[in-house]
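Its first residue numbered 439, the sequence shown is counted upward by one per residue in my numbering. Idealized CB from N, CA, C, for every residue including glycine. Each remark here refers to the structure printed beneath this line.
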Amino acid sequence: MVDPADRAVERLAIPESLGVSALEPGQRLPSTPPGRQVSIRVQLLDDVTEVFDISQRAPAKALFDLVCVHLNLAERDYFGLQYQNSRRMMVWLDLLKPTLKQIRRPKNTILRFVVKFFSPDTQLLEELTRYLFALQIKHDLACGRLTCNDTSAALLVSHIVQSEIGDFDEVQSFQHLLHNKYMPNQDALMDKITEYHRKHVGQTPAESDHQLLEISRRLEMYGVRLHPAKDREGTKLSLAVSHIGLLLFQGDTRINTFNWSKVRKLSFKRKRFLIKLRPDLNQSGYQDTLEFAMGSRDCSKIFWKICVEYHAFFRLFEEPKPKPKAVLFTRGSSFRFSGRTQKQVSDYVKDSEFQKVPFERKHSKKVSCGSLTPQDGKTSTLPPETVSVDQTDSPLRSTLQAPGDDPTVTNGHQAGPEALPSSTSHPEQQISGVISGISDLSDSTLANPSVVVNGQKPFPLGPGQSPNVHQPSPFNAHSSPLSSPLFTDAGGYVRTDDEDEVRRKKFPTDKAYFIAKELLTTERTFQKDLAVITVSFQAVLGKEEVLPDSVRTLINTNYDPVYQFHQAFLKEVEQRLQQWEGRSNAHIKGDDQRVGDVLLKNVQGIKQQLTPLLQHHGEVLVALDRSCRASQRLEEACREFEQQKVCYLSLNMFLLRPLHRLLHYKLILERLCKHYPPTHQDFRDSRAALADISEMVLQLQGTMTKMENIQKLLELKKDLTGFRDLAVPGREFIRLGCLSKLSGKRLQQRMFFLFSDSLVYTSRGMTADNQFKVQGQLPLYGMTIRESEDEWGLPHCFTLFGQRQSVVVAASCLSEMVKWMEDIRMAVDLVEQSNRPTDLLSTSQSDRKSPEEEEEEEEEELSASRSSLERQAAQRGNSMVHICWHRNTSVSMVDFSVAVENQLSGNLLRKFKNSNGWQKLWVVYTNFSLFFYKSHQDDHPLASLPLLGYSLTVPAETENIQKDYVFKLHFKSHVYYFRSESQYTFQRWMEVIRSATC
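Dropping the structure here:
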């Protein structure tokens, strides 16, 4: 009988190596040790049980290698053998110890071959490995271990069904779903599953596996195995480990992450599991040792071993060397990780040139090859000869291919990352852990590796593409909801000129197409913003029954018709773009390559049906504010709603979104008319639509300006304490920002607010809402202003002379000083032209404090700033006042008006300064900030990046980006690169971001 190891060597044409294993280089698997043979049953991921014969004295590694040779698996170190011990606990088989010393009753034990280390990105290079991962995800989804929302679950099942039965057939798909249970609540999602399955036409099983992995990697519970524990207070929690570090769950909700870079030591003592963290000098009351009580000592030890192996596999460059044996006494555990690290596995597979052997998929009549050639992309037929190991026929069983049937295909990837996977190799993980609010107000927020949570690198494939070979993959080449827009390359792959040419030929490159695409992307964001008011806000307040009937009626009457109208408008734009791109069966690139007719039709609908409603949107804003002042319960309910993730801006800004959207239509139509020649078929419709929308904007301009001012005053009222009433008739907001006020002998940071009647300066308060406390105010009537750098010896210094007091302030730079002086002089001139003194703002404090009192307050502010920084993410931390405070800058009402026009949405690739790969994100620019989503279907952003204070440039040659359409954002030590899909989108992102950056 031929030894299985020898047969594998012959099949793979590798004379000296059995593939990836725990053996040292140059060594090969030894022959089966002498002794009596014992049969071990192993259940594979396709639920087929195989029997392997090993010697009684053989180490567990010999059994594991036999299983991997049977499967012809190269990337074997991602997997492991798991069994239930005598205490009914699931444990991993230790490959360094003999099998029978761990399994006392082999006849009654079935080992499970499962995924042990869940890859966080597209590091899986072999199709067989991806198929095994897909089977593992299928198991986790079916048993309820992989929890997610209904949309994601239905999409996952649709890819599984596509992989198993192929393209959608109504009768066959229904029968298949009826007889196969893929998830607990599958019956309720049958319609969604079939809807998504229809869109996967032409998708091969290999592509379905790849899409399945890409979607599941974005889920919070991907690869998570919960271990019950309790904290010191007895609260029931769960611990888990992943590639990024240790995870802490309460139920199914992740509440904390301990990144590997922050963990100093892991240990256990009896049933106590201890996490020792590296000291953080920036946090007060920092606790460097965390203690959790687990069920027993065995539970602690099992989890500790898993943590050791995860850390070694994802963080180390090579397998750790064994410790030398102690002569007399031993201290601690001798357990160590045995096997190759992720980097070693990746490098080995990339450098190896062995023949890919076909394998059969369960539930599928197609046979997949380990690597599909890019020329045909077809699946191979099953060769006649097969290799069998003992009894049962397994769909995973390898088949032997005659030499020369299929040429060896090398992987198209470039050299692998040089850094460790959980540090610089996966920078995209840093987005998900940032609280959806202000993400970069301090030096250690967005770029802090301690808050990395669940970041993934998307790399979806289009029909006919191989997961193993890079091919051009342009935007919107896929119709799957979570994988539609995509960029060509990922993981550091450099796109060639030939691929660019293929991409240009396949997809439209006309500027009008990208203008129409901007209409589509911004309309999707606008639709989500409308849903915040019409769906989320009313649903939350409807449960508590605090919203007055009059206000609810006002919202329903004026916003529901707008929401329904734009739902239909969005569908029209999506259908037109699909026809334009050739993804629709309606027409083939005829009259569908235009969008002016769609805009004209809907702009006329807005003019006829919605203009009277838009004129009343300001009334909703005023009525809601009046009701909040009358009802404390309603005010608290609105404040709690604004702290929810879906309300990523202030509630008042969402109420004015329909008015602002008219400005966006006007700008889009202006660009279309400027691009089209007068003879173009779309020029007449675009010009007519522009005339109608310009008329509406002119008609509503007065209402819009008035409502924006009221909205800004109401917004500032939430950030300030000490005013009795800020939003009074006749008062206008002009500028807010940070200046240094000379008090005593030193400068103190203060927030200044310039209104049409007075100048107010405040200090950072110590309230739970991080409000700013009024310190003093100066009436503008009779005020004079003078530069005083020479007098005080301070750069960018000027003095304000009021009727009662004088104030010396210094700006952060010359441009800031010029802006403040110009706005103050303009406001003073307007007050004096009215020829009447203005009353001071009504406050509950004295207007002036002595220098000693201000110095005492400054000390209190410094002591409270540390804790307030931690509170701000959940308590109005994303307001413009706080951003200006941290960035030491200012914003005027003119800037806000410009920002209203400069709004943009779309897909971008993002890269960190020290990373190799690009990550695809759905990005929304509004209110001087970038908001990051996984896809346009997400209801709330994962993180935000306020852009005030950032610099916008193009990368220099020395930065070695080597990509087109890339722009760079940097502030202090924070550097981000973003890549767009075309020259037009690149210019548009540069244009809108430049309006918010310096």
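Assuming residue i and residue j are in contact, meaning their beta carbons sit under 8 Å apart, how far apart are those beta carbons, in whole angstroms?
i, j, result
"K709", "R735", "5 Å"
"K1410", "V1392", "Actually they do not touch by this definition, with Cβ atoms about 19 Å apart."
"I653", "S611", "No, I653 and S611 are not in contact; Cβ-Cβ is about 19 Å, not under 8 Å."
"L1216", "Q1186", "Wrong, their Cβ atoms sit about 16 Å apart, outside the cutoff."
"L501", "F490", "6 Å"
"L566", "L511", "6 Å"
"V783", "D515", "5 Å"
"T1049", "M1142", "That pair is no contact at about 13 Å."
Please say whether residue j and residue i have beta carbons closer to each other than 8 Å?
i, j, result
"D1261", "L1192", "yes"
"L1342", "T960", "yes"
"K668", "Y620", "no"
"E488", "V480", "yes"
"Q520", "L549", "yes"
"Y1114", "A1337", "no"
"F1239", "E1225", "no"
"R1417", "W1360", "no"
Can you list, in chain order, the residues of its chain whose CB lies under 7 Å from that of residue i, leaving out five sequence neighbours each side?
i, result
"M628", "L615"
"E1339", "L1101 and L1105"
"T1435", "L1385, Y1388, S1389 and L1390"
"T779", "A750, F751, L754, F755, E756 and E757"
"F706", "L712, S738, K739 and W742"
"R670", "E729"
"E564", "A512, E513, V787 and G808"
"V1437", "The structure shown does not extend to residue 1437, since the chain spans only 439 to 1436, so no value can be given for it."
So the beta strand (DSSP E) residue i belongs to, where does it begin and stop?
i, result
"L1344", "First, the residue type needs correcting, since residue 1344 is Gly and not Leu in the sequence shown. Start and end: L1342 to F1350."
"Y748", "It is not in any beta strand (DSSP E) - Y748 instead sits in the alpha helix (DSSP H) that spans R735 to R753."
"F517", "F517 to Q522"
"I1044", "Where I1044 is concerned, there is no enclosing beta strand (DSSP E), given that its DSSP letter is neither H nor E."
"Y1415", "H1412 to R1417"
"I492", "T487 to S493"
"V1212", "F1210 to P1217"
"C1251", "Taken as a continuous stretch (DSSP letters only), C1251 belongs to no beta strand (DSSP E), as it is neither H nor E."
"I971", "Careful: I971 lies outside any beta strand (DSSP E) and carries neither H nor E."
"M1189", "R1184 to F1193"
"K1358", "Q1357 to T1364"
Looking only at its own chain, which residues have a Cβ that is under 6 Å from the Cβ of residue i, when we skip the five neighbours before and after it?
i, result
"D605", "V639"
"S1124", "G1034, L1107, L1110 and C1111"
"Y569", "D647"
"G1344", "T959"
"V1430", "N1340, L1342 and Y1363"
"N546", "none"
"Q1013", "none"
"I631", "A592, V595 and S596"
Near residue i, which residues of its chain fall below 8 Å by C-beta distance, leaving aside the five closest residues on each side in sequence?
i, result
"S1069", "V984 and P986"
"R1432", "L1390"
"K535", "P497 and A498"
"M528", "Q520, Y521 and Q522"
Consider the C-beta atom of residue i and the heavy atoms of the ligand NAP; say whether any pair is separated by less than 7 Å.
i, result
"P999", "Looking for the ligand NAP in the displayed structure turns up nothing, as the structure carries no ligands at all."
Name the two residues that bound the continuous alpha helix (DSSP H) containing residue i.
i, result
"M528", "Careful: M528 lies outside any alpha helix (DSSP H), inside the beta strand (DSSP E) at M528 to W530."
"C506", "A498 to L509"
"L1152", "F1121 to D1157"
"L1008", "D987 to W1018"
"Q610", "E608 to H617"
"T632", "M628 to R636"
"A1068", "H1055 to A1068"
"W1323", "M1318 to R1325"
"R1432", "Q1421 to R1432"
"F1334", "M1331 to E1339"
I'd like to know whether the C-beta of residue i is nearer than 8 Å to at least one C-beta of chain C.
i, result
"P1115", "Absence of chain C from the displayed structure is noted, only one protein chain being present."
Open item on the list: In chain order, what are the residue ranges of uninterrupted alpha helix (DSSP H) at least 4 long that sit wholly in the segment 540-605?
Closed with: 565-580 and 588-603
TODO: Could you pull out every unbroken beta strand (DSSP E) segment of at least 3 residues lying fully inside the segment 647-684, listed in chain order?
DONE: 665-668 and 674-680
- [ ] Mind listing, in chain order, the continuous beta strand (DSSP E) runs of no fewer than 3 residues lying wholly within the segment 1078-1119?
- [x] Whole beta strand (DSSP E) segments, 3+ residues: zero.
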